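Report on the structure given below.
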């Protein structure tokens with residue numbers, strides 16, 4: 024399993040960003056206790072799933088599909104958000120994380136690092152994890168400063 028510091032300093036923060044930004048794009052938000060509970064449970068799911076993958080030497084990749092399903096279920100049943108917004112918010116967040124992952128992979132190739140090296144160092148893991156979340160953070164900033172949302176973008180009512 025990953026170091027507990029990765030759970031506390033990265034997975035939890037990423038989970039809060041994922042749920043908060045995704046819902047903000049639909050002009051929705053969870054109460055702080057519900058957001059923290061949902062994010063906390065989801066960060067434990069990340070930690071557990073990645074631990075199982077490491078324990079059984081399963082290559083990472085399919086864990087994303089498992090985590091998408093778990094996050095949708097948590098948003099629905101713990102966050103009390105309807106299915107449409109749960110799916111939309113989670114897919115928004117994961118799409119941005121995957122785009123960030125693509126850019127980080129380009130950077131890693133340029134500086135001759137490997138994911139194995141990054142994941143073996145707690146603080147590099149946390150740093151590159153948040154770098155991967157750059158687009159998620161950028162979208163949240165655009166939402167807060169300019170009110171960017173799907174509702175306004177597509178003028179839905």
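In the numbering used here, the protein residues as written are 24 to 180.
All C-beta atoms, glycine included, are put in the ideal place defined by N, C-alpha and C.
Keep in mind that this is a model prediction, so the values were computed, not measured.
DSSP places residue 39 inside the alpha helix (DSSP H), whose first and last residues are 35 to 47.
Across the structure, residue 34 and residue 167 are spaced so that their CA atoms are roughly 23 Å apart. In the displayed model, residue 166 falls within a helix according to three-state DSSP. At a Cβ-Cβ threshold of 8 Å, residue 174 and residue 154 do not count as neighbours. Linking residue 38 to residue 157 through their CA atoms gives a straight-line distance of about 14 Å.
A residue is called buried when at least 16 other Cβ atoms come within 10 angstroms of its Cβ; residue 73 meets this threshold and is buried.
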